[in-house]
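> Residue numbers (this note's numbering): 1132 to 1619. Quick reminder that beta carbons are idealized off the backbone N, C-alpha and C, glycines included. I'd like to ask you about the structure that follows.
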């Protein structure tokens, strides 16, 4: 009787290996780790039964279907490692075209799929055509057990290699970006507070502990994170940065954990998540204080279980990352107010690093100003060699609410607009008087300071959100969120 249009999932009760000697038990465990998940598509129920019986001890899971119309369902929900695909499904069909059509469908869903064709009609021409079309191998029916197992073993090795290559491509891209992004990032400071920071970073050289970096916007938390990475045992492995303040909540999981093709409307192909890309290396989560409670829970689960599942998949992928997190928020106040999970804080702050604001770093202001002056004089081909005494005094008296980032942009602007060999006080334009700023810093709370900084950036940029975001050192999306939050 011809097979009906239905899926068959053959489930065999696993015995407690009665009658197996210990060497067999050990061999079985090893083999079960070998073939992964197998999908068998064949219209002959006897073939399905025999293959399931033969491969069950060697596979992680097996699912079977008697018609090709359920292939898409299994490819997106089961995510098989190997597909055993019959070439002919219609009665008396021998052309193999149905199999080639199914192969095309499978590869459109997963271009890295390992597909092994099966047919009762051994045909060298069809085998060559199948390989050219993207199949991995070709076996005749009836099969030889050892030949079949060897073919599956080779197919599984190929599957693992393809997966590793895709991950390596992502990691190479991340490493290239990390190298390019950090080429000019250095941190300068002779002040006692910065020397203490450098001393702590040095003590962490050989550790793999999770680190939380605290400090105002623009203090160089990201530069310290890269310094920690360069000094760590994981240097040379991926350094992946995620600006949590710029990721919409609805995209958090897809960015962090990745997704399978078809997981949502625009998921036209699978994507490796940033956590998976960072495996073996370091994951830098910037602005973690902006993370919503539901997303905090998902992040905590991934950290605790050390594995993630891509959107659209139930398969767990192990991860091995060192976490470096940063925030400009008063993280303990957020915990007290119920806006940040205490258990997550415990997971990310094995060590805490406090980066001081620029106004507390004394003559570091002048060291940094000289450094930025030389950099931008070279960039803009200006013959500038320093600052006048009056200019230095002006820089030292200013409170620098935007910290090092504001100083950098201020010096760059002065170099572009300045003339002569020395920068003078008039080359440095500040929005507010020093005395008023210092007075406000003494009485304003954190939200008021944030409002003041955003308003000032918007005034300086004449309402241009992109320029204002650059001035504040945040993304446009993060600035839009702050504008909405502050009612501006």
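1. Quick check on residue 1420: does DSSP put it in helix, strand or coil?
2. Under DSSP, the beta strand (DSSP E) around residue 1453 begins and ends at which residues?
3. Name the two residues that bound the continuous beta strand (DSSP E) containing residue 1215.
4. Can you list, in chain order, the residues of its chain whose CB lies under 6 angstroms from that of residue 1518, leaving out five sequence neighbours each side?
5. Would residue 1432 be called buried (16 or more neighbouring beta carbons within 10 Å of its own) or exposed?
6. If you draw a straight line from the alpha carbon of residue 1421 to that of residue 1212, how long is it in whole angstroms?
7. What ranges does the alpha helix (DSSP H) occupy inside the segment 1495–1561, keeping only unbroken runs of at least 4 residues that lie completely in it?
8. Measure the C-alpha to C-alpha separation of residue 1375 and residue 1474 and round it to an integer number of angstroms.
9. Express the C-alpha separation of residue 1342 and residue 1276 in angstroms, rounding to a whole number.
10. Helix, strand or coil for residue 1400? Go by DSSP, reduced to three states.
11. Name the one or two DSSP bridge partners that residue 1366 has.
12. May I ask which residues mark the beginning and end of the alpha helix (DSSP H) holding residue 1168?
13. Could you please give me the residues that DSSP links to residue 1249 through a beta bridge?
14. Do you know whose CA, among 1547, 1531, 1321, lies nearest residue 1580's CA?
15. Look at residue 1404 and residue 1387 and say whether their C-beta atoms are less than 9 angstroms apart.
16. At a cut of 8 angstroms, does the segment 1226–1239 reach the segment 1287–1295 through at least three beta carbon pairs?
17. How is residue 1192 classed by DSSP in three states: helix, strand or coil?
18. Starting from residue 1448, trace the beta strand (DSSP E) both ways and give me its first and last residue.
19. Locate the beta strand (DSSP E) running through residue 1239, then write down its first and last residues.
20. Name the residue from 1371, 1189, 1167, 1216 whose alpha carbon lies nearest to the alpha carbon of residue 1412.
21. Does the segment 1317–1333 come into contact with the segment 1460–1473, if we say contact requires no fewer than three beta-carbon pairs (one atom in each stretch) closer than 8 angstroms?
22. For the beta strand (DSSP E) containing residue 1482, name the first residue and the last one.
23. Comparing alpha-carbon positions, which option in 1247, 1385, 1172, 1208 lies nearest residue 1220?
24. With three or more C-beta pairs closer than 8 angstroms as the rule, is the segment 1595–1607 touching the segment 1509–1528?
25. Can the beta-carbon of residue 1365 be found less than 9 angstroms from the beta-carbon of residue 1453?
26. Do you know how far the Cα of residue 1607 is from the Cα of residue 1616?
27. Quick one: residues in its chain with C-beta nearer than 8 angstroms to the C-beta of residue 1294, no 5 flanking neighbours on either side, listed in chain order?
28. Is the beta carbon of residue 1437 closer than 9 angstroms to that of residue 1450?
29. Can you tell me whether DSSP reads residue 1592 as helix, strand or coil?
30. Can you give me the start and stop residues for the beta strand (DSSP E) that residue 1479 sits inside?
31. Under the rule that 16 or more other beta-carbon atoms within 10 Å means buried, what is residue 1178, buried or exposed?
32. Rank 1327, 1215, 1425 by C-alpha distance to the C-alpha of residue 1272 and give the top, closest one.
33. Say whether the segment 1344–1356 touches the segment 1494–1502, bearing in mind that this needs 3 or more beta-carbon pairs closer than 8 angstroms, one atom from each stretch.
34. Out of 1174, 1190, 1175, point me to the one whose CA is closest to residue 1168's CA.
35. Whose C-beta lies closer than 6 angstroms to the C-beta of residue 1345 among residues of the same chain, with five residues either side of it excluded?
36. So is residue 1487 buried or exposed if we call it buried at 16+ other beta carbons inside 10 Å?
The relevant details are as follows:
1. It is helical.
2. 1453–1458
3. For residue 1215, the enclosing beta strand (DSSP E) covers residues 1213–1217.
4. 1554
5. exposed
6. So the two alpha carbons sit approximately 38 angstroms from each other.
7. Taken in chain order, the complete alpha helix (DSSP H) segments of 4 residues or longer contained in the segment 1495–1561 are 1495–1510, 1520–1528, 1534–1548.
8. 19 angstroms
9. 53 angstroms
10. Residue 1400 falls in the coil class under three-state DSSP.
11. 1368
12. Annotation: residue 1168 is outside any alpha helix (DSSP H); the continuous beta strand (DSSP E) that includes it extends over 1168–1172.
13. 1217, 1270
14. 1531
15. yes
16. no
17. Strand at residue 1192.
18. 1447–1449
19. No beta strand (DSSP E) contains residue 1239, which is instead part of the alpha helix (DSSP H) from 1228–1240.
20. Out of 1371, 1189, 1167, 1216, the CA that lies nearest to the CA of residue 1412 is found in 1371.
21. no
22. Element bounds for residue 1482: 1482–1485.
23. 1172
24. no
25. yes
26. 14 angstroms
27. 1243
28. yes
29. coil
30. Careful: residue 1479 lies outside any beta strand (DSSP E), inside the alpha helix (DSSP H) at 1473–1479.
31. Buried, by the Cβ-count rule.
32. For the residues 1327, 1215, 1425, the minimum Cα distance to residue 1272 belongs to 1215.
33. The segment 1344–1356, when compared against the segment 1494–1502, does not touch it at the 8 angstroms Cβ threshold.
34. Ranking the options by Cα distance to residue 1168, first place goes to 1190.
35. For residue 1345, where only same-chain residues beyond five positions count, the Cβ hits under 6 angstroms are 1485.
36. buried
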